[in-house]
Amino acid sequence: MEREQALEIVQKHLKNKNLVKHSLAVEACMRALASHLNQDGEKWGLAGILHDLDYEITEKSPELHTTETVKILKEMGINPEVIHAIQAHAAQVPCQREMDWAIFSIDPLTGLIIAATLMHPSKKLKEVDLGFVKRRYKEKSFARGVKREEIEQIKNIGLDLDEFISICLEAMQGIDKELGLY
């Protein structure tokens, strides 16, 4: 599946513009991390952009999150590794590959980076640095819904927290206009 087709599917299934932006942020981080790890950026990016396809219809039943996505993507013949990673991000299946651990940790990190940006005096993603994000990360009362223990699971693919945050922050800064934070 081409990226443009994936974006059309996301826009068809997600009406909330912030969820579309979140999908774009996860995609950017997945592509950047794939590049860093010498993995397939197209495959990783596809998992990122499609990961929350059924969020709006399963929002009130989180235990069902990804079930509709899996049905849609299997019908389209999407790579089973991509489907597994999407399920892994919602803890529907165990993480087995680097791509699984990556999306599991990237999903909450993008939320933290967005929240930190909105707290920054400029509200501009390109003006946020690692130190600013790390200070917000350490504040337990900041972005309480962000599960820091999930972000920290990136250690399972050999990355330390600072390196991981830096990779994702830079990736998101590269799409700051699409995210509306420029």
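So the sequence shown is numbered by my numbering: it starts at 2 and just counts up by one.
Positions of the beta carbon are idealized from the N, C-alpha and C atoms, including for glycine.
Inset, instruction - Determine the direct distance from the alpha carbon of Pro122 to that of Asn80, and round the result to whole angstroms. - result: Approximately 42 Å, taken between the alpha carbons.
Inset, instruction - Could you tell me the distance, in whole angstroms, from the CA atom of His52 to the CA atom of Lys148? - result: Their Cα atoms are separated by approximately 17 Å.
Legend entry - Any chain B beta carbon closer than 8 Å to His85: Chain labels in this structure do not include chain B; a single protein chain is all it has.
Legend entry - Ile104 beta carbon less than 8 Å from that of Gly159: In this structure, the beta-carbon distance from Gly159 to Ile104 does not fall below 8 Å.
Legend entry - Euclidean distance between Cα positions of Ala29 and Val94: Near 23 Å, if we compare the C-alpha coordinates of Val94 and Ala29.
Inset, instruction - In the DSSP assignment, find the alpha helix (DSSP H) that holds Leu119 and state where it starts and stops. - result: Here the alpha helix (DSSP H) through Leu119 covers Glu99 to Met120.
Legend entry - CA-to-CA distance, Ile114 to Ala184, given in whole angstroms: What is shown of the chain runs 2 to 183, which leaves residue 184 out entirely.
Inset, instruction - Compute the distance between the beta-carbons of Leu47 and Val11, then report whether it is under 8 Å. - result: No Cβ-Cβ contact shorter than 8 Å links Leu47 with Val11.
Legend entry - CB of Thr118 within 8 Å of CB of Val27, strictly: Their beta carbons are not under 8 Å apart, which means Thr118 does not touch Val27 by this criterion.
Inset, instruction - Assign Glu61 to one of three DSSP states: helix, strand, or coil. - result: Before going on, a small fix: residue 61 reads as Lys here, not Glu. Here Lys61 sits in coil by DSSP.
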